[in-house]
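So the sequence shown is residues 744 to 1140, counted in this note's numbering.
Below is one structure, written out as structure tokens; the observations come after it.
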Amino acid sequence: MITSGYSFIAFIVCFAAGVFFIEEKLKSKTKFFEVIPPLVIIYFGVMLMSTFGFWSLSIDGVKTGAGIARNGMKSAILPSMIFLMLLKCDLRHILKLGPKMLLAFFSATFSIMTGFVVTFMIFKDKLAENSWQAFGALSGSWIGGTQNMVAVQQALNLDDVGMGYTLLIDSIDYSIWIMLLLFFVGSSKLIMAFNKFNKADTSIVEELSEHLAALDEEIVKEVTFLDLFGTLAFALGAGAFCVWVAQYLPQTTFLNNTTWSILLVTIMGIVGGMSPMSKVPGSKQLSNIFLYTLIGLIASSANFAELTEAPVYIIAGACILGIHGLMMAIFAKIFKFDLFTCCVASVANIGGVASAPVIAGAYNDSLVPVGVLMGMLGAIIGTGMGLIMAKILFSLL
């Protein structure tokens, strides 16, 4: 049993890195990691080890070195991770998407939020007391991405069991939704029928693709020692500064120190994304290291025996997506969206910057930049919208 802080942190990092090492070696031989992504394997793998007592975070109510190290690391790397994630989200590029693509994106956001509200009202009596927090974290992911989910989870102080439910919905329902969207964009007959029914103008998408193609042609230079060291130093400094400022800001039920620090570092990241810092390579690699380490730390105190309501949460997630899909079909008719625009707007919210280019590329390789930029917009607003959603759901209790 691990009780040492150093050994505990080393074990979590090694396990997360090992998952990615195995994925790299096997991805050409199996589609396993396409069905079950590394994020889910890390979370539930660590959760399984926690269930079987691989480590002890406290003994007789007193935190061990592992427990102290876990809490310290979680607090230290979260704001820095958010800052690094947002460095590649340049608002000036996102605005080049044009009014129709932005309208489609925010139509998807609105429909997802409506789905959360309606579903919560239907299922709240069948879910745990903190389900409003779990749904708040999930909405952070389904409007932005995994980093937004983690940020909202920490801001709301959602416990590890609730986070387990969130990740179950996020992995199972999301995977089914992505498969449906891939089917839609891969069927030429369905595309033609959908666009004809809605009288959609596809020339806008084609013109936008040509306009954004230059962004995808930028050559990224090799990551140097100074790039990594400087970016790491700036990220840690930005995180520490925001944590320091947050303690002097007014505190409420929702706006505590952690929430304020997350909001402040989000603003700093957005500003940084429009500065020369966004051109320095290495931020993506560092932010992913922080993210997957943080996922392991969050899972390290969870227990499988406590996930007793998993089927209800999974059904609730499907209900959210069903409402979202129905509303997007209505919006498509009203605003004359084509099928590609609807699918990419949907996955840019629900799947984020990692999945939107996949759907865009499945339709047409030249449209990948459109997916990237729409996914970036989700990363920018995901945390704030997740916190707003949590507040709305809490008011419905």
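Glycine residues also receive a C-beta, built at the ideal position from the N, C-alpha and C atoms.
As the structure is a computational prediction, the values presented were derived from the model and not from experiment.
Residues in the same chain with beta-carbon distance under 7 Å from residue i, minus the five sequence neighbours each way, listed in chain order, please.
i        : result
Lys-770  : Phe-776
Thr-1001 : Gln-897 and Ala-898
Val-1008 : Pro-822, Ile-825, Phe-826, Ala-981, Gly-982 and Cys-985
Measure the Cβ-Cβ separation of residue i and residue j and say whether it is below 8 Å.
i        : j        : result
Ser-1004 : Ala-981  : no
Ser-1030 : Ser-793  : no
Leu-899  : Ala-880  : yes
Ile-784  : Tyr-917  : no
Ile-1102 : Cys-1085 : no
Asp-1081 : Ala-943  : yes
Ala-1045 : Met-790  : yes
Ile-1058 : Val-861  : no
Cys-908  : Tyr-786  : Checking the sequence shown, residue 908 turns out to be Tyr, not Cys. No, they are not a contact pair.
Thr-1036 : Ile-820  : yes
Pro-780  : Phe-763  : no
Mind checking whether the beta-carbon of residue i lies closer than 7 Å to any heavy atom of the ligand ADP?
i        : result
Ile-1102 : Judged by which ligands are present, the structure shown has none, so any question about the ligand ADP falls away.
What does the Cβ neighbour count give for residue i, buried or exposed, with the cut at 16 atoms within 10 Å?
i        : result
Val-1115 : buried
Met-744  : exposed
Cys-757  : exposed
Ala-753  : exposed
Val-714  : What the structure shows of the chain is the stretch from 744 to 1140, and residue 714 is not part of that stretch, so it cannot be assessed.
Gly-929  : exposed
Thr-1051 : exposed
Leu-840  : buried
Ile-1010 : exposed
Leu-1034 : buried
Ala-1048 : exposed
Ala-1088 : buried
I'd like the list of long-range same chain contacts for residue i, defined as Cβ closer than 6 Å, with 5 residues on each side in sequence excluded.
i        : result
Ala-894  : Ile-825, Ile-1005 and Thr-1126
Leu-1136 : Phe-863, Trp-875 and Phe-878
Ile-962  : Bear in mind that a pLDDT of 44 at Ile-962, under 50, signals an unreliable position, so the number given afterwards is only what the model happens to contain. Same-chain partners within the cutoff: there are none.
Gly-1015 : Leu-830
Asp-959  : Residue placement at Asp-959 cannot be trusted, given a pLDDT of 48 that sits under 50; what the coordinates show is reported in the next sentence. Within the same chain, Asp-959 has close Cβ partners Pro-1112.
Leu-925  : Ala-1105
Val-1090 : Leu-924, Ser-1098, Ala-1099 and Ile-1102
Cys-832  : Gly-1016, Met-1119, Ala-1122 and Ile-1123
Gly-850  : It is worth fixing the name first, because residue 850 is Ser in this sequence and not Gly. These residues qualify, in order along the chain: Phe-1074.
Lys-869  : Val-1055
What distance in whole Å lies between the Cβ atoms of residue j and residue i, which are believed to be in contact at a cut-off of 8 Å?
i        : j        : result
Ile-755  : Gly-1039 : 4 Å
Ala-1122 : Gly-1095 : 6 Å
Ser-818  : Thr-807  : The pair is not a contact, with the Cβ atoms about 17 Å apart (cut-off 8 Å).
Met-828  : Gly-1012 : 7 Å
Asn-873  : Gly-883  : Not really, about 15 Å apart at Cβ, beyond 8 Å.
Ile-1124 : Gly-887  : 7 Å
Phe-927  : Met-1117 : Incorrect: roughly 16 Å between the Cβ atoms, too far for contact.
I'd like to confirm the pairing. Which residues does DSSP put opposite residue i in its beta bridges?
i       : result
Lys-806 : Ser-801
Ile-745 : Trp-798
Is the CB of residue i under 8 Å away from at least one CB in chain D?
i       : result
Val-861 : Absence of chain D from the displayed structure is noted, only one protein chain being present.
Residues in the same chain with beta-carbon distance under 8 Å from residue i, minus the five sequence neighbours each way, listed in chain order, please.
i        : result
Leu-1139 : Val-860, Phe-863, Met-864, Lys-867 and Trp-875
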